[in-house]
Structure formats: structure tokens, C-alpha cells
Amino acid sequence: MEQWTAFLQEKWLVLIIAFLVLVLVIKLVKTVLKWVIVLAVIGVVLYYGSTYKDQLTGLGESVVNGSAAAAVTESVKNQALNLIINEAKEAKYTKNPDGSYTVASKNVKLEGTPGSNEAKVTVMNQTFTLKIDETVQKFIDTAKQNQ
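Residues in the sequence shown are numbered consecutively from 1, following full-length UniProt numbering.
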């Protein structure tokens, strides 16, 4: 019953169009063909409504499997790289007592260890691991010069 409620709430326009088609067919067509068309339209709407739960389940599975989460994470990583480029002049380099370092600017915090090819980056309260490429290395070097 839940799937039908969700179907009615989200696909009400489809139902209105199907209803209008039914009314037009009943008014305009005067043969047995009219009832074949009416049954076909009703059958299509019932089939679409009954498979709607499968569509919702498929959407839920794609989110759970991480395709949507991966896209969001990739978007945040791209935003972080843009912020790193824009905020390099304001960044401050700090060497920690354990040998690691922290580079912080207004919106970006990067933590790493010398010699490692990865660093933890925090942007918008999300922390993720980023490979140290040319852009990130330039950010670190610029922060060292800003001291």
C-alpha cells in the first residue's frame, strides 16, 4: 500500500493525463476499439504503479552502493583543490612535535607527514585523504614561505 501512496503523491500528473486520455477516448471513439484502448491505458498505469517500488528500491540501492556518495566526495575533493589554489597565500605551515605538519588556511586544513604521498584534508567539516600532487605540494611550499 505504501508504494501506491508514494506513486500517487509523486506521479499524480501521470494519473491526471491518463484520466484525460481515458475521457477523450470514451467520448470520441465509438467502437469496440475504445474499450481496448481504455483497458490498455489502465493496464499501463497499473503496471507503472506496481513497478514503482522497484524503481524506488533501485534508487536506494544506488545510494547505498556509493555511486551518489562517491560523486559527492569527488565534488568536495574538487572544491578542496580549488580552495587550496585560492588560499595558498594565506596558509600557515606548522611543524608538529611528532614530526608531522599541519597547513591551515581560512577554509582548508591539511595534515601530513614528510615523505608521505598522501595527506588528510579537512574542508567544510569533511575529512578525506588526498594524494599529494603538484597543486597540494605547491600549497605546502607556499605555506612554508608564509611563515
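We put the beta carbon where it would ideally sit given N, CA and C, even for glycine. A quick note: this is a predicted structure, and the numbers were derived from the prediction, not measured.
If you check the CB distance, THR142 and ALA80 do not come in under 8 Å. Counting along the chain, ALA104 sits inside the beta strand (DSSP E) bounded by residues 101–104. Closest in C-alpha terms to ASN86, from the list LYS144, VAL136 and LEU46, comes VAL136. Here the alpha carbons of LEU28 and TYR47 stand approximately 25 Å from one another. For VAL32, the three-state secondary structure derived from DSSP is coil. Around the Cβ of GLY112, a 10 Å sphere holds 16 or more other Cβ atoms; the residue is buried.
In the structure shown, the three-state DSSP call for GLY43 is helix. The bridge partners DSSP lists for GLN126 are VAL123. In the three-state scheme derived from DSSP, where H, G and I count as helix and E and B as strand, LYS95 is classed as strand.
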